[in-house]
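Novice: Heads up: the sequence shown begins at 32 in my numbering, then just goes up one per residue.
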Amino acid sequence: MLLARFLKANRRARLHLTEADQGIDLLIEGIEAEGLAAAEAITAFCQRHGVARLSIDNGLGPETRWEPEPVTITLAGIPVPMPHNSFLQATREGEAALVAAVRESVGQAGTIADLFSGLGTFALALPGRVYAGEAARDAILSLKAAGARAGRTLFADHRDLFRRPLTTAECDRFEAIVLDPPRAGAREQVLQLAAAKTPIIAYVSCNPGTFARDAEILCKGGYTLEWVQPVGQFRWSTHVELAARFVR
Numbered sequence: 032m033l034l035a036r037f038l039k040a041n042r043r044a045r046l047h048l049t050e051a052d053q054g055i056d057l058l059i060e061g062i063e064a065e066g067l068a069a070a071e072a073i074t075a076f077c078q079r080h081g082v083a084r085l086s087i088d089n090g091l092g093p094e095t096r097w098e099p100e101p102v103t104i105t106l107a108g109i110p111v112p113m114p115h116n117s118f119l120q121a122t123r124e125g126e127a128a129l130v131a132a133v134r135e136s137v138g139q140a141g142t143i144a145d146l147f148s149g150l151g152t153f154a155l156a157l158p159g160r161v162y163a164g165e166a167a168r169d170a171i172l173s174l175k176a177a178g179a180r181a182g183r184t185l186f187a188d189h190r191d192l193f194r195r196p197l198t199t200a201e202c203d204r205f206e207a208i209v210l211d212p213p214r215a216g217a218r219e220q221v222l223q224l225a226a227a228k229t230p231i232i233a234y235v236s237c238n239p240g241t242f243a244r245d246a247e248i249l250c251k252g253g254y255t256l257e258w259v260q261p262v263g264q265f266r267w268s269t270h271v272e273l274a275a276r277f278v279r
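Given below as structure tokens:
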């Protein structure tokens, strides 16, 4: 086994597996595999098991050791280049439920902002003109490239929404705004949104606690929480995802 060969005694390794379009994308942390013999062993392992990409991270960031063709992940029917450590929904079923909830929330809005957009799980599935804001540079570049190839009307912006949230005036330009922040929530962005005139907010959260905090800010700003839909997509876990719709 690959780990048995390269993992030092009394050391631990961490494995991250993602189901990409081409097969399994495998990232291993905590092993050292240098030299020609190591490269040959990695190649043989990947060929034998049909691995789409194998990368090793020794603390300085992932280094690709095997990738016979560029790895992609299909979102809304569009293949998107997949950088290392990309944020994705946990399951395809959960992703489909959340996308359906967000599409129901925004309806036929013509101008939409997708904030904390990642690779475009929601941005690529939305109608109309879409602005996508995301702090992860590799992710937003992948989304921009995929959107251009698919002929989508999409503006992808590399922007840290914690340090530089959309201002209230910027929010007012959109008929609907989608939020899908990390577990910390989106307090800085929500404070700007609470004073905005945007008629619809679709909020996707993996942390009910920070969602409740942000929902309170929006409601105090004049929004009404119309509905909340839980999505139990975290297998073997008590964690829950949710989607919600706010209107004004």
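Backbone N, C-alpha and C define an ideal beta-carbon position, used for all residues, glycine too.
1) Whole angstroms are fine: how far does the CA of Ile-232 sit from the CA of Gly-240?
2) Jot down the residue ranges of each uninterrupted beta strand (DSSP E) in the segment 134-202, minimum 3 residues, whole runs only, in chain order.
3) CB Gln-223 to CB Thr-199, shorter than 8 Å?
4) Look at the Cβ atom of Val-235, then the Cβ atom of Leu-210, and state whether they are nearer than 8 Å.
5) For Ala-277, list the residues DSSP reports as bridge partners.
6) If contact is defined by three or more beta carbon pairs under 8 Å, each pair taking one atom from either stretch, is the segment 98-114 in contact with the segment 246-254?
7) Take Phe-147 as the anchor and find which of Ala-132, Ile-171 and Pro-212 has the nearest alpha-carbon.
8) Which residue or residues does DSSP assign as beta-bridge partners of Pro-110?
9) Which same chain residues, not among the five before or five after Thr-95, have their C-beta less than 7 Å away from its C-beta?
10) Smallest Cα separation from Trp-267: which of Arg-79, Ala-121, Leu-46 and Glu-65?
11) Mind checking which residues open and close the alpha helix (DSSP H) that includes Thr-241?
12) Which same chain residues end up closer than 6 Å to Tyr-254 when comparing Cβ atoms and leaving out the 5 residues on each side of it in sequence?
Specialist: This is what the structure gives:
1) 18 Å
2) 142-146, 160-165 and 185-189
3) yes
4) yes
5) According to the sequence displayed, residue 277 carries Phe and not Ala. BP columns for Phe-277 point to Ile-232 and Leu-256.
6) no
7) Pro-212
8) Thr-105
9) Arg-84 and Ser-86
10) Ala-121
11) 239-251
12) Phe-277 and Arg-279
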